[in-house]
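Notes follow the structure.
2 protein chains.
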Amino acid sequence: MGGAEVSLEHLYKVFTMPEGKSSKLAQIEQHLSDNLAGFLSQHVVTSVKSLEQIEKNFAEYAVPEQPEFVSQHAANLLDKLVANSVNTYSPTFIGHMTSALPYFHLPLAKLLVGLNQNLVKIETSKAFTPLERQVLGMMHELVYGQSSDFYGTYLHSANHALGAFCSGGTIANVTALWVARNKALPATAQFRGVAYEGFAAGLQHYGYKKMGVLSSKRGHYSLSKSVDLLGLGREQLLTIDCPTQRLSAEKALSVGKQYQNEGNKILAIVGIAGTTETGHVDPLDELADVAQELGCHFHVDAAWGGATLFSRTYGKLLKGIERADSVTLDAHKQMYVPMGAGMVLFKDPNDSNAVRHHANYILRAGSKDLGATTLEGSRNGMAMMVYASLHIFGRQGYELLINQSIEKAKTFARMIQSNPDFELITAPILSLLTYRVNPEALQDKINRMPQLASALNLELDQLNVSIQKQQREAGKSFVSRTRLQTEKYNSQSITVFRVVIANPLTTELDLQNILNEQLTIAHKTKMWQKLCAKHKKAE
Amino acid sequence: MGGAEVSLEHLYKVFTMPEGKSSKLAQIEQHLSDNLAGFLSQHVVTSVKSLEQIEKNFAEYAVPEQPEFVSQHAANLLDKLVANSVNTYSPTFIGHMTSALPYFHLPLAKLLVGLNQNLVKIETSKAFTPLERQVLGMMHELVYGQSSDFYGTYLHSANHALGAFCSGGTIANVTALWVARNKALPATAQFRGVAYEGFAAGLQHYGYKKMGVLSSKRGHYSLSKSVDLLGLGREQLLTIDCPTQRLSAEKALSVGKQYQNEGNKILAIVGIAGTTETGHVDPLDELADVAQELGCHFHVDAAWGGATLFSRTYGKLLKGIERADSVTLDAHKQMYVPMGAGMVLFKDPNDSNAVRHHANYILRAGSKDLGATTLEGSRNGMAMMVYASLHIFGRQGYELLINQSIEKAKTFARMIQSNPDFELITAPILSLLTYRVNPEALQDKINRMPQLASALNLELDQLNVSIQKQQREAGKSFVSRTRLQTEKYNSQSITVFRVVIANPLTTELDLQNILNEQLTIAHKTKMWQKLCAKHKKAE
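Sequences listed follow chains A and B, in order.
The first sequence: position 302 = 301 (numbering that gives the first Met the number 0), numbered continuously.
The second sequence: position 303 = 302 (numbering that gives the first Met the number 0), numbered continuously.
Rendered as structure tokens:
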């Protein structure tokens, strides 16, 4: 350990002198450049060690005293970190929303760090500020399709913002609801507004007992963080059961009306365009009507599904999104940008002024400093990655990618349905689906005697948890699991495999292999043998 | 424009095939690798165009329809974006907190994108989760220096967190005050806690009229965002004048007591360890006493100054920080990590449970998913950059860097003081200082007739604004400017140059050149000529 000199000369070299091409770090970089998939399959061990074992590599709690040589440290990183990371590029890892990225992001990441701009203010970002505003404008046009006059007026206006960039969908959702809250309790002649006087004074001034947010049970956990943070309280997140995986506009209206009749105020309805668990899209157009009737803000969480708008065919699934007051998008999901590229868009460019803040040394009034209307302060120039992607793919390129994901998910659903030992639970709307292993004999039995379903589902839950864990630990492929209410089983929650078809490199053969592997694992479990034996006998 | 094929085959290539070494993007990358400073000085034009001119490059509001070739786009980026960015690496850009980065971050940035982990949950981060927890532990040990038993128990405990990583100091400050608010209005037998029942119910249950946060006028604007967001209201950010640039503990106690005597509750005192404007450190030890007497949370915003703790010599300036309940740090400031590496630390590892959230498919109770206690959801693995830096510099390396920054700032202060046409306004405590151009004749006059200061300062403000702008526009160097209250001028706010000595590559010669340039600019202004003529005549 140690060995590098503790001298300013050595440290200046670390700042100014690249390591030679034969150094360990340069070798890693070269390998990444030449063959990313090869690098990952060679260095990322996708399983083997338990978390407890890995933690032993990260047990030291004191800052190391002596400097290490860069090369020495690079070897360490490969060994301790990379070897125990997750191969998110792998076409057989279809359990999460993080997938392979296009190659050009690797050199761009280097350029981003080389430039190291700070987008909080013009002084440290210059061209990155208009670039970010342009990207927000392009996404705004995709969602809202306003006129050329509109964008001419607002795209670069110092007193307006079409949205805000942020690290991800959670901050985007928080920002949207923050804006909504401040707009719902605005200043009057007798009240300086919730932003100044606070939430309790705001409720009192307007005579509301409580303020709530409406969404389906499939709403993202960031909504719960938001209502906690904003002072509404988690109990005021009114989540509605949705065994169909879509929020019923009728139920939303009735819950909302009752809440308001009791002296409370609905702050916002949140429609979901692509739920995290099944990819379903709420009936956005109908929910816009409900929001109008309740007189509340309409927010659409399109973190996953927003990119579907690039597709002329499937974009229609999001009809009504153009009526949302605000929309959350994550470019690091279906736009294939590296982690950390969230956005919130506002239909009305004045809305961001509800959370405008100024400071003496920066964010001066009249400046174009982005930090004045973003929740975050200092931020990097991730907008460049989105900008590059929008140009390198173009709308038509993204359309192809979106279409092939959804169509591949449909193909996968057919594979599942054609195998009698699987049960498709939710068919793909966007490119997510859920299913489970359910032996043919059991499926027959449940069909004949539905009253047994509730007990059998408990056994099936155990079987499926066990298969998912074993497949993950084997390290060749990964599907995630979750628990879902379904109509078929009278709203009983069951454990299902959750699949996200996002990686363009995933083939039908990959998908077939994943199903085969699951059945192979299943057959070896005692649970399978017990279940099949028991239920065959019973016949 | 256009030209790339709209076909899945072409798109798959964009995912899987690196461009050849002769491509434009590969050339850019090679140049970055071989000679970063050369790349920046060749491609980053540090001035020339106005923002309005630059905006013309980013005026298109529709998503481009056709794909572009990567190389074509790379040329575009160089021309439109890089050419109009800010050279944050330049040793003569000493006006902000963003500076040169060590070389190893460039290849590491590529590795980060190549791995593209998502730290919200173990499933998509694996070793990155214990790594991030370790980095938080190391910074916790640096601040709080707890026992080896303490870290043995808490470093990797699923039910605790020593802090949270986040995109920057703003989210860190928000998180700290969120935790403080939820702890200040906890559950009782009759009340389910502010997180569940909301802020208005919390105030009512505990019988508080209002809840406020105390800091000096030099507090970061993120505090104002925080009290707005959390529902306290901006008027409940009680900021205290501080012509000495440090919060007076005595005044804080008296303001706090009066506020509480009126039926309100002080939620937290925020001490600043390195103000954004002058680098002063509040009397943390005394403020800890005040917090104790008022019975409130003590938060220290050490986004800038926290790294001073690496230095045995200057770390003592932060005495009392170890008594803070929470501390904000930004590794992208004096730890020389790329933008986007903020942290909040909690003295008590239970504190983060005040904002713990779970969800069905991730963040399950008992899991080590980091997203359960962070404000953000999906996040990238920036912790790797901090981890690498801690190892490659070591404590001793950081100590040298911190020491040389502060000592260089002191040298710069002496240069300013030795030139009769400059006036040092705030001497460096950490490595920031402020000063202004003030012609010798005027300084004499003000010394003899202090009653004239207030009027003359208005003229000097204009002169200094004009010099700062001209220097910025000339593009060779950059100092920022701000407005400050000072003791010397009876709390009158004056315009000053603000300098941050962070870049290790800045030399004394660079600093001398900056002063010379400012005087050359000054001499050419009509204002200088007028001022000197007028006040010489008057004698």
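Every residue, glycine too, gets a C-beta built ideally from N, C-alpha and C.
Nothing here was measured: the structure is a model prediction, and the numbers come from that model.
- Item | Backbone secondary structure at Glu-422 of chain A - three-state DSSP | Against the first sequence, residue 422 of chain A aligns to sequence position 423. Three-state result, Glu-422 of chain A: strand.
- Could you name each continuous beta strand (DSSP E) segment of 3 residues or more that falls completely within the stretch 220 to 256 of chain A, going from the start of the chain to the end? 236 to 239
- C-beta contact flag for Leu-431 of chain A and Val-498 of chain A at 8 Å: Here residue 431 of chain A refers to the residue found at position 432 of the first sequence. Here residue 498 of chain A refers to the residue found at position 499 of the first sequence. Cβ distance < 8 Å, so Leu-431 of chain A and Val-498 of chain A count as in contact.
- Query: From the beta carbon of Ala-537 of chain A, is the nearest beta carbon of chain B less than 8 Å away?
  - Reply: As a working mapping, residue 537 of chain A is identified with position 538 in the first sequence. Note that Ala-537 of chain A scores 48 on pLDDT, short of 50, meaning its location in the model is unreliable; the coordinates nonetheless yield the value given after this. With 8 Å as the cut-off, Ala-537 of chain A does not count as an interface residue toward chain B.
- Message: Checking 8 Å against the spacing of the C-beta atoms, do Val-62 of chain A and Glu-140 of chain B come in under that value?
- Response: As a first step, residue 62 of chain A must be located in the first sequence, where it is residue number 63. As a first step, residue 140 of chain B must be located in the second sequence, where it is residue number 141. Cβ distance < 8 Å, so Val-62 of chain A and Glu-140 of chain B count as in contact.
- Buried or exposed: where does Ala-537 of chain B fall if 16 or more other Cβ atoms within 10 Å of its Cβ makes it buried? For this step, residue 537 of chain B is matched to residue 538 along the second sequence. Its pLDDT being 47, under 50, Ala-537 of chain B is placed unreliably by the model, and the measurement read from it follows with that caveat. Ala-537 of chain B should be labelled exposed.
- Starting from the C-beta of Gly-539 of chain A, find all residues in its chain whose C-beta is less than 7 Å away, skip the five residues before and the five after it, and write them out in chain order. Residue 539 of chain A falls outside the range modelled here, since chain A spans only 0 to 538, and no answer is possible.
- Message: Residues in the same chain with beta-carbon distance under 6 Å from Ser-6 of chain B, minus the five sequence neighbours each way, listed in chain order, please.
- Response: Counting from 1 along the second sequence, the entry for residue 6 of chain B is found at position 7. So the list is empty, once near-sequence residues are dropped.
- Message: Measuring straight from C-alpha to C-alpha, what distance separates Ile-428 of chain A and Gly-278 of chain A?
- Response: Walking along the first sequence from the start, residue 428 of chain A turns up at place 429. Walking along the first sequence from the start, residue 278 of chain A turns up at place 279. Those two C-alpha atoms are separated by around 6 Å.
- Message: For the ligand MN, I want to know if Gly-162 of chain B counts as a neighbour, meaning its beta carbon is within less than 7 Å of at least one of the ligand's heavy atoms.
- Response: The ligand content of the structure shown is nil, which means the ligand MN is not present either.
- Evaluate contact between the stretch 138 to 154 of chain B and the stretch 105 to 118 of chain A, counting only Cβ atoms and requiring at least three cross-stretch pairs below 8 Å. no
- Query: Would Lys-109 of chain A count as contacting chain B if we go by Cβ distances under 8 Å?
  - Reply: Reading the first sequence from its first residue, position 110 is the one you call residue 109 of chain A. Lys-109 of chain A counts as touching chain B.
- Any C-beta of chain B under 8 Å from that of His-279 of chain A: Position 280 of the first sequence, counted from the start, is the residue given in the question as residue 279 of chain A. Closer than 8 Å: no.
- Message: Does the stretch 318 to 329 of chain B come into contact with the stretch 342 to 350 of chain B, if we say contact requires no fewer than three beta-carbon pairs (one atom in each stretch) closer than 8 Å?
- Response: yes
- Item | Proximal chain B residues relative to Ile-424 of chain A, where beta-carbon distance stays under 7 Å | As a position in the first sequence, residue 424 of chain A is number 425, starting the count at 1. Within chain B, no residue comes near Ile-424 of chain A; the closest Cβ sits about 14 Å away, beyond 7 Å.
- Is any beta-carbon of chain A found at less than 8 Å from that of Met-16 of chain B? The residue you call residue 16 of chain B lines up with position 17 of the second sequence. True, the Cβ-Cβ gap to chain A drops below 8 Å.
- Message: Going residue by residue through the stretch 303 to 369 of chain A, where are the continuous beta strand (DSSP E) segments of at least 3 residues, counting only ones entirely within it?
- Response: 325 to 329 and 341 to 345
- When the cut-off is 8 Å and only beta carbons count, does Phe-392 of chain A lie next to chain B? The residue you call residue 392 of chain A lines up with position 393 of the first sequence. At least one chain B Cβ lies under 8 Å of Phe-392 of chain A.
- Message: My output table needs one value for Ile-500 of chain B: the three-state DSSP class, helix, strand or coil.
- Response: Numbered from its first residue, the second sequence carries residue 500 of chain B at position 501. Ile-500 of chain B falls in the coil class under three-state DSSP.
- The beta strand (DSSP E) with Ser-165 of chain A in it runs from where to where? Locating residue 165 of chain A in the first sequence gives position 166, where the first residue counts as 1. Note on identity: in this sequence residue 165 of chain A is Cys, with Ser being the wrong assignment. Element bounds for Cys-165 of chain A: 162 to 165.
- Query: Between Glu-516 of chain A and the rest of its own chain, which residues show a CB-CB distance below 8 Å, the 5 nearest in sequence each way excluded?
  - Reply: Counting from one through the first sequence, the residue named residue 516 of chain A turns up at place 517. Gln-470, Ala-473, Lys-475 and Ser-476, listed in sequence order.
- Message: How far does the alpha helix (DSSP H) with His-390 of chain A in it extend, from its first residue to its last?
- Response: Taking the first sequence and counting its residues from 1, one reaches residue 390 of chain A at position 391. Start and end: 382 to 416.
- Message: Against chain B, does Trp-544 of chain A count as a neighbour if the rule is that its beta carbon must be under 8 Å from one of theirs?
- Response: With chain A running from 0 to 538 in the structure shown, residue 544 of chain A is simply not present.
- Message: Once DSSP output is grouped into helix, strand and coil, what is the label at Gly-1 of chain A?
- Response: In the first sequence, residue 1 of chain A corresponds to position 2, counting from 1. Confidence in Gly-1 of chain A is poor, its pLDDT being 49 and thus under 50, which makes the residue's placement too unreliable to answer from.
- Task: Scan the stretch 100 to 151 of chain B and note each continuous alpha helix (DSSP H) run of 4 residues or more that stays entirely inside, going in chain order.
- Result: 104 to 114 and 127 to 143
- List the DSSP bridge partners of Ser-214 of chain B. Counted from its first residue, the second sequence places residue 214 of chain B at position 215. According to DSSP, Ser-214 of chain B bridges with B:Thr-238.
- Query: Can you tell me where the beta strand (DSSP E) with Phe-297 of chain A in it begins and where it stops?
  - Reply: For the purposes of this step, residue 297 of chain A is taken as residue 298 along the first sequence, with counting starting at 1. Per DSSP, Phe-297 of chain A belongs to the beta strand (DSSP E) from 296 to 300.
- Within the same chain, show all residues whose beta-carbon is closer than 7 Å to that of Tyr-434 of chain A, passing over the 5 residues directly before and after it, in chain order. The residue given as residue 434 of chain A occupies position 435 in the first sequence. The answer, listed in chain order, is Ile-415, Phe-421, Glu-422, Leu-423, Ile-424, Val-495 and Phe-496.
- Which residues in chain B sit within 7 Å of Ala-223 of chain A, going by Cβ to Cβ distance? Taking the first sequence and counting its residues from 1, one reaches residue 223 of chain A at position 224. As written in the sequence, residue 223 of chain A is Ser, which differs from the Ala given in the question. Simply His-356.
- Below 8 Å CB to CB, which residues in the same chain sit around Ser-492 of chain B once its five sequence neighbours on both sides are set aside? Residue 492 of chain B sits at position 493 when you count from the first residue of the second sequence. Excluding residues within five positions, the ones whose Cβ falls inside 8 Å are Arg-482, Leu-483 and Gln-484.
- What do you get for Ile-265 of chain B, buried or exposed, if any count of 16 or more other CB atoms within 10 angstroms of its CB means buried? Here residue 265 of chain B refers to the residue found at position 266 when the second sequence is read from its first residue. So Ile-265 of chain B ends up on the buried side.
- Message: For a cutoff of 8 Å on Cβ pairs, would you count Met-414 of chain B as touching chain A?
- Response: The sequence position of residue 414 of chain B within the second sequence is 415, counting from 1. No - not a single Cβ of chain A is within 8 Å of the one on Met-414 of chain B.
- Message: Considering only the alpha carbon of each residue, which of A:Leu-222, A:Val-280, A:Met-384 and A:Phe-164 lies closest to Ile-320 of chain A?
- Response: In the first sequence, the residue the question calls residue 320 of chain A occupies position 321. The candidate whose alpha carbon is nearest that of Ile-320 of chain A is A:Val-280.
- Query: Going by the CB atoms, is the gap between Leu-518 of chain B and Glu-458 of chain B shorter than 8 Å?
  - Reply: For the purposes of this step, residue 458 of chain B is taken as residue 459 along the second sequence, with counting starting at 1. For the purposes of this step, residue 518 of chain B is taken as residue 519 along the second sequence, with counting starting at 1. Result no, Cβ atoms of Glu-458 of chain B and Leu-518 of chain B do not sit closer than 8 Å.
- Roughly how many angstroms lie between the CA atoms of Gly-396 of chain B and Pro-17 of chain A, to the nearest whole one? Mapped onto the second sequence, residue 396 of chain B falls at position 397. Mapped onto the first sequence, residue 17 of chain A falls at position 18. Near 18 Å, if we compare the C-alpha coordinates of Pro-17 of chain A and Gly-396 of chain B.
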